[in-house]
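A quick write-up on the structure given underneath.
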Amino acid sequence: MQINELFGQGKTVFSCEVFPPKATSPVDTIYKTLDGLKEIRPDYISVTFGAGGSAVNQSTREIAGIIQKQYGIPAVAHLTCVNYGREEVAGLLAGLRADGIDNVLALRGDRNPDLPPKTDFQYASQLIRFIRERDSQVGISAACYPEGHPESASMMDDVRHLKEKVDAGAQRLVSQLFFDNNDFFEFLEKARIAGITVPIQAGIMPVLNRKSIERMVSLCGASLPRKLTRILSRYGDHPEAMREAGIAYAIDQISDLIAGGVDGIHLYTMNNPDVARRIADSIASIRAV
Ligand code: FAD
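Under my numbering, the first residue of the sequence shown is numbered 21, with each subsequent residue one higher.
Here you go:
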């Protein structure tokens, strides 16, 4: 099933993202996550692709296959290219297609300082073109950045490069996490002005823990609005209160995005189905309007 068919059906698309558990986690960890996510019936589940070299106990391909075959939910497999050559990417794609995976999120990937990048693909747009040339049927998503990608010289440059990804064959976009909806709405306006007409899903990460969000923000460059820094400083040392305030913040963010007409919400679940369920339940009637 093509993920594109989900958009424009009168309901805001709601998807969840999971990652393959680390090699040190029990092998059935992912089943616990997926059992919980199944109950909230997301429109699709995407599976991240580990940065080159990271040890996981199940691959993106295997988990995407489990999501589709055992849980009956459409799966999107992330696919990065910075550490792979053309033949390797072709092999990864063929493996996914052989397992019935119809949709990929095509990414450059983050550079790993311990793993020299390969030279076949410098940017995600090249990967997208490569995939599209080999396979006219596979659904292709790409990443976008409401506050600009950290490496880009300017927001204008980043949006120009985003258009290149769409021109190369990306049929929908999924955003990096952000905490200020104004950033997303301003980005959306720039993207539409640049002629990007494909659906754009807003990526939302619930803030449950001060340390982890500070680490995440330092990696991806997302800014923290005052409303959120106040929450972090008041509840950051109180895990239960922080969790509740973080869930409430995410629900508030999502309600406002849906009111603003967003195409879809992509929830970074961090493999935490309980939090995903709390959020999904709270927005169920909101996203149906
Ligand atoms: P690109 O689109 O190639 O952009 C990278 C940078 O290059 C940008 O600054 C862009 O402006 C610039 N650029 C693009 N084209 C040109 C050009 N022609 N000339 C000059 N500059 C150019 N990483 C993982 O490793 N695994 C995952 O599973 C994963 N999932 C993700 C899911 C989402 C929704 C998002 C938002 C990110 C994800 N990432 C993942 C992180 C992603 O790999 C990094 O953000 C990476 O640094 C950029 O990937 P990209 O596909 O956006 O790159």
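Just so it is clear, CB atoms sit at the ideal spot from N, CA and C, and this is done for glycine as well.
- Following the DSSP letters along the chain, one finds Tyr-255 in no beta strand (DSSP E) but inside the alpha helix (DSSP H) bounded by residues 246 to 255.
- Here Leu-116 is buried, its C-beta having at least 16 other C-beta atoms within 10 Å.
- Setting aside the 5 residues that flank it on each side, Tyr-255 is surrounded in the same chain by Ala-261, Met-262 and Ala-265, each with a C-beta closer than 6 Å to its C-beta; the list follows chain order.
- When beta bridges are read from the DSSP output, His-286 appears opposite Ser-35 and Gly-223.
- Taking a C-beta distance under 8 Å as the contact criterion, Leu-277 and Ala-222 qualify as a contact pair.
- In terms of side-chain proximity, the C-beta atom of Tyr-104 is found no nearer than 7 Å to any non-hydrogen atom of the ligand FAD.
- In chain order, Pro-41 place their CB closer than 7 Å to the CB of Thr-49, counting only its own chain and leaving out the 5 sequence neighbours on each side.
- Counted as a single uninterrupted DSSP element, the beta strand (DSSP E) harbouring Cys-164 occupies residues 159 to 164.
- In the displayed model, Val-124 falls within a strand according to three-state DSSP.
- Judged by their CB atoms, Val-179 and Ala-144 are not nearer to each other than the 8 Å cut-off.
- For Pro-94 and Leu-26, the gap between their C-alpha atoms comes out near 11 Å.
- Going by DSSP, Val-218 is part of no beta strand (DSSP E) at all; its letter is neither H nor E.
- The Cβ-Cβ distance between Ile-224 and Ala-270 falls below 8 Å.
- Non-local beta-carbon contacts of Phe-69 in its own chain, meaning distances under 8 Å to residues more than five positions away in sequence, involve Thr-80, Ala-97, His-98, Leu-99, Thr-100, Leu-127 and Gly-129 in chain order.
- Short note on Gln-29: C-beta not closer than 7 Å to any heavy atom of the ligand FAD.
- In this structure, the C-beta of Lys-183 stays at least 7 Å away from each heavy atom of the ligand FAD.
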